[in-house]
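Take a look at the structure below.
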Amino acid sequence: MLNFLNFYSVPLAELEVGKHLYWQIGNLKLHGQVFLTSWFVIGVLVLASVAASSNVKRIPSGIQNLLEYALEFIRDLAKNQIGEKEYRPWVPFVGTLFLFIFVSNWSGALVPFKLIHLPEGELAAPTSDINTTVALALLTSLAYFYAGFSKKGLGYFGNYVQPVSFMLPFKIIEDFTKPLSLSFRLFGNILADELVVGVLVLLVPLFVPLPVMALGLFTSAIQALIFATLAAAYIGEAMEDHHGEGHEEHH
Numbered sequence: 049m050l051n052f053l054n055f056y057s058v059p060l061a062e063l064e065v066g067k068h069l070y071w072q073i074g075n076l077k078l079h080g081q082v083f084l085t086s087w088f089v090i091g092v093l094v095l096a097s098v099a100a101s102s103n104v105k106r107i108p109s110g111i112q113n114l115l116e117y118a119l120e121f122i123r124d125l126a127k128n129q130i131g132e133k134e135y136r137p138w139v140p141f142v143g144t145l146f147l148f149i150f151v152s153n154w155s156g157a158l159v160p161f162k163l164i165h166l167p168e169g170e171l172a173a174p175t176s177d178i179n180t181t182v183a184l185a186l187l188t189s190l191a192y193f194y195a196g197f198s199k200k201g202l203g204y205f206g207n208y209v210q211p212v213s214f215m216l217p218f219k220i221i222e223d224f225t226k227p228l229s230l231s232f233r234l235f236g237n238i239l240a241d242e243l244v245v246g247v248l249v250l251l252v253p254l255f256v257p258l259p260v261m262a263l264g265l266f267t268s269a270i271q272a273l274i275f276a277t278l279a280a281a282y283i284g285e286a287m288e289d290h291h292g293e294g295h296e297e298h299h
């Protein structure tokens, strides 16, 4: 369910599709399905991190080798999008986005969530719910605003009137469309993949949907990469000098 833009408790926009499991805590209603699967993904990432760092070897192997490769990949991604001088503080944020989305997307295809029965609704990948993708996109928006203000201060607002002053309304609209495009792209692709696989499993024998599931794993990984790359690019743009010096180190 998406419920936002409330004014004096009057919902201005509300969307709900299917049945959902809700937890009522006082006046707060929580989406139980998303919390359960998100905690599962977080648990997987924490366990993998502990396993990789508990017995660090000079020559890495197994899970340590895998996570070191992931770290190098994320570091290169952040360096290419943000720049040689500014990328290091943002590696944890970009890496967290990439790994959380990647594991979330793959969990929807590899983990038999549908075998777990709930009082209402069913479990699925966290990123197949619009609430999760909007939250991730809003975090990205906060990150690039923080990046811009931390480097330029109030001079960050100068970006809104560059190269000419009448660009102001278009730049403001762009700040709203960036998180919307991030969230709906990820949500739409993951939800569509799960729906297609679900329909094929119902209509045809198990082995026919397997190629579609394999393709879904590939596209899920690409979606995680796209989200993390765009997030890093937005952060780099926010810190970029008006004349482009901020990206002189980019490849």
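Under this note's numbering, read the sequence shown as residues 49 to 299, first letter to last. Virtual Cβ for every residue (Gly too), placed ideally from N, Cα, C.
Using the C-alpha atoms, what's the distance from residue j back to residue i?
i: Ala280; j: Ser152; result: 20 Å
i: Leu184; j: Gly206; result: 26 Å
i: Thr181; j: Leu234; result: 7 Å
i: His291; j: Phe150; result: With a pLDDT of only 46 at His291, under the threshold of 50, the placement of this residue in the model should not be trusted; the figure read from the coordinates follows. So the alpha carbons of these two residues sit roughly 35 Å apart.
i: Pro174; j: Val82; result: 5 Å
i: Thr144; j: Val89; result: 12 Å
i: Asn237; j: Leu166; result: 25 Å
i: Ile107; j: Lys199; result: 39 Å
i: Tyr194; j: Ala276; result: 17 Å
i: Val244; j: Leu230; result: 22 Å
i: Ala286; j: Leu273; result: 20 Å
i: Gly196; j: Ile178; result: 27 Å
Use the C-beta contact count for residue i: other C-beta atoms within 10 angstroms, 16 or more gives buried, fewer gives exposed.
i: Val98; result: exposed
i: Lys156; result: Residue identity differs from the one stated: residue 156 is Gly in this sequence, not Lys. With 16 or more Cβ atoms within 10 Å of its Cβ, Gly156 is classed as buried.
i: Ile283; result: buried
i: Asp302; result: A query on residue 302 cannot be resolved here, the shown segment of the chain reaching from 49 to 299 and no further.
i: Glu288; result: buried
i: Phe224; result: exposed
i: Ala262; result: exposed
i: Leu163; result: exposed
Let's see if you can read the secondary structure: which residues bound the beta strand (DSSP E) around residue i?
i: Gln72; result: 70 to 73
i: Leu76; result: 76 to 79
Among the residues of its own chain, which have a CB less than 8 Å from the CB of residue i, if the five just before and after it don't count?
i: Glu296; result: Residue confidence for Glu296 is low, a pLDDT of 44 falling below 50, so the modelled location carries little weight; the figure read from the coordinates is stated next. Once the five neighbours on either side are set aside, the close Cβ partners of Glu296 are Gly131.
i: Leu93; result: Leu147, Phe148, Val151
i: Met104; result: Just to set this straight, residue 104 is Val in the shown sequence, not Met. Counting only Cβ-Cβ distances below 8 Å, and skipping sequence neighbours, we find Gln112.
Ordered along the chain, which non-local residues of its own chain (more than five positions away) have a Cβ less than 7 Å from that of residue i?
i: Ala126; result: Tyr135, Trp138, Val139, Val142, Ala280
i: Trp312; result: The shown model of the chain, from 49 to 299, leaves out residue 312, and the question about it has no answer.
i: Leu186; result: Pro227
i: Arg123; result: Val139
i: Leu78; result: Tyr70, Trp71
i: Gly80; result: Leu69, Tyr70, Trp71
Give the range of the alpha helix (DSSP H) segment to which residue i is assigned.
i: Ser199; result: The amino acid at residue 199 is misidentified as Ser; the sequence shows Lys. Run containing Lys199: 178 to 200, per the alpha helix (DSSP H) assignment.
i: Leu263; result: 258 to 287
i: Ala157; result: 139 to 158
Uninterrupted alpha helix (DSSP H) stretches inside the stretch 102 to 130 (no shorter than 4 residues): 110 to 130
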